[in-house]
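This report refers to the structure that appears directly beneath it.
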Amino acid sequence: MRVVNVIKDEAVKSRIRKIRLLMLDVDGVLTDGRIIIDDAGLESKFFDVRDGHGLKLIMRCGLDVVLLTGRSSAVVTHRARDLGIREVFQGILNKLEFFQQFIEKREIRPEEVAYVGDDMVDIPILKRVGFSAAVKDAVEEVREIVDHVTERPGGRGAVRELCELILKVQGRWDEVTRKYELG
250 MRVVNVIKDE AVKSRIRKIR LLMLDVDGVL TDGRIIIDDA GLESKFFDVR
300 DGHGLKLIMR CGLDVVLLTG RSSAVVTHRA RDLGIREVFQ GILNKLEFFQ
350 QFIEKREIRP EEVAYVGDDM VDIPILKRVG FSAAVKDAVE EVREIVDHVT
400 ERPGGRGAVR ELCELILKVQ GRWDEVTRKY ELG
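Residue numbers (the working numbering): 250 to 432.
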């Protein structure tokens, strides 16, 4: 339960308990922010397998996962498909406008959304959601305004850390990990 103790503020824990949807930026959050392009123009990114498992755990508990990124990349499409994430929105230049339309269409309240970002383009959404988080290596402007900053950097376990945090605060961790006999 070490991760839960990171959140001492009961008001923040109360907001985490209301989360039904986890929305993530991709570059710098699910990846370390590096984009590798070879001589043939093929793009590569690094994803952490533990982040992926954390997202699978969140989805097993009925929380929705949405990827939202300003860039478009086939690599992201492949990774999302591999994880079973059906809602992937790429090439979104105005993330706030998209977010507002998305939650209205889905009939979900902003306070039921957790958002994870790393750069200034994420700030407008981070200021409007129920639980805002930044990866350890996010820009200072983002780290200063969020509810929680991870101990791990983007693309290196930060998403897994947040998935565990949400599941533990919501009291779902034991249920979702029972099959692994952690107890």
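We put the CB at the ideal spot given by N, CA and C, even for glycine.
Cutoff 8 Å; reference residue 368; Cβ partners in own chain excluding five residues on either side: 274, 277, 387, 388, 391
Determine, using beta carbons only, whether residue 265 and residue 419 come nearer to each other than 8 Å. yes
Contact set for residue 425: own chain, Cβ-Cβ below 7 Å, skip 5 residues either direction: 306, 309, 310, 416
Would you please verify whether the beta carbon of residue 362 is less than 8 Å from any beta carbon of chain B? Of the chains in the structure shown, none is chain B; there is only one protein chain.
Can you give me the C-alpha to C-alpha distance between residue 300 and residue 329, rounded to a whole angstrom? 12 Å
Tell me which residue opens and which closes the alpha helix (DSSP H) that residue 332 is part of. Taken as a continuous stretch (DSSP letters only), the alpha helix (DSSP H) holding residue 332 covers 323 to 332.
Sort 294, 396, 372 by Cα distance to residue 259 and report the nearest one. 396
Among 363, 385, 337, 262, nearest to residue 403 - alpha-carbon criterion: 385
Where residue 398 sits in the DSSP three-state scheme: strand
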